Amino acid sequence: MTTLSLCWVDDALANPCCRASTVCYHHPRLIKLKVGQQEIKIGRRNSANTLHYHIESNLHRLIISRDHATTTRLPDGRFMLHDYSLTGTYVNCTRVYGCAILNQEDIICFGHPYGTSVLPGQTVNAFYSDLKYRVRIAFCYVTGTSTAAVV
Numbered sequence: 001m002t003t004l005s006l007c008w009v010d011d012a013l014a015n016p017c018c019r020a021s022t023v024c025y026h027h028p029r030l031i032k033l034k035v036g037q038q039e040i041k042i043g044r045r046n047s048a049n050t051l052h053y054h055i056e057s058n059l060h061r062l063i064i065s066r067d068h069a070t071t072t073r074l075p076d077g078r079f080m081l082h083d084y085s086l087t088g089t090y091v092n093c094t095r096v097y098g099c100a101i102l103n104q105e106d107i108i109c110f111g112h113p114y115g116t117s118v119l120p121g122q123t124v125n126a127f128y129s130d131l132k133y134r135v136r137i138a139f140c141y142v143t144g145t146s147t148a149a150v151v
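Under the UniProt record's numbering, the final residue of the sequence shown carries the number 151; numbering is consecutive throughout.
The following block contains the structure:
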């Protein structure tokens, strides 16, 4: 069985122009799809649907859709990211076209400042974001009563 962790990168702090805007954080530092869990839903706080994780940008207020993205566990142990947003979800600077398989060390960014003009499948230049995450996939195995993870 595998687990998926999205670890917050936040390279926006590296940009001096962004520092003042990132005083208050509205996003988790870790998004995790645990053993036995089939999906995680990610979106804005005012979503009518039940979400597992709420995220909002401190840099661009309306960059996140109510129901922005979902990550699902596939039968073969891999993970798929589904994008349902207006401004896009990006894997390694390429806007997801419907869905994308996630790989170890991929960089996911939820939203883009000019996302409404970026076509699905289009690659953009690297950009600063406070909603950037690194993919970590761990392979877990159960021995007796404990669970161990191997990255």
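Built from N, CA and C at the ideal position, the CB exists for glycine as well. Here the structure is a predicted model, which means the values were calculated and not measured.
Residue burial classification, residue i (beta-carbon count within 10 angstroms, cutoff 16)
i	result
Leu62	exposed
Tyr133	buried
Gly115	buried
Asp76	exposed
Leu119	exposed
Cys140	exposed
Nearest-angstrom beta carbon gap, residue j and residue i [assumed within contact, 8 Å]
i	j	result
Val96	Asp106	The pair is not a contact, with the Cβ atoms about 11 Å apart (cut-off 8 Å).
Glu56	His26	4 Å
Glu39	Arg73	7 Å
Candidates the options, of which the one nearest residue i by Cα
i	options	result
Thr89	Gly43, Leu33 and Leu74	Gly43
Leu102	Leu131, Ala138 and Asp11	Ala138
Tyr128	Asp67, Leu59 and Met80	Leu59
Thr87	Ala100, Met1 and His112	His112
Gln37	Ile64, Ser85, Ser65 and Leu4	Leu4
Gln104	Gly98, Met80, Asp11 and Lys41	Met80
Leu131	Lys41, Val35 and Ile64	Ile64
Rounded separation between residue i and residue j - CA only
i	j	result
Leu33	Asn46	22 Å
Gly121	Thr94	6 Å
Cys109	Ala48	23 Å
Ala69	Leu30	15 Å
Leu6	Asn125	21 Å
Cys24	Thr2	Bear in mind that a pLDDT of 47 at Cys24, under 50, signals an unreliable position, so the model cannot answer this.
Ala100	Thr71	9 Å
Tyr53	Trp8	13 Å
Thr50	Arg78	24 Å
Tyr84	Val135	19 Å
Ser117	Pro28	27 Å
Beta-ladder partner(s) of residue i, from DSSP
i	result
Lys41	Thr70
Ile64	DSSP output for Ile64 lists no bridge partner at all.
His26	Glu56
Leu6	Ile31 and Val135
Cys99	His82
Tyr90	Arg95 and Cys109
Thr116	Answer by DSSP bridge pairing: none, since Thr116 is not bridged.
Below-8 Å beta-carbon distance, residue i vs any chain D residue
i	result
Phe79	No chain D appears in this structure, which consists of one protein chain only.
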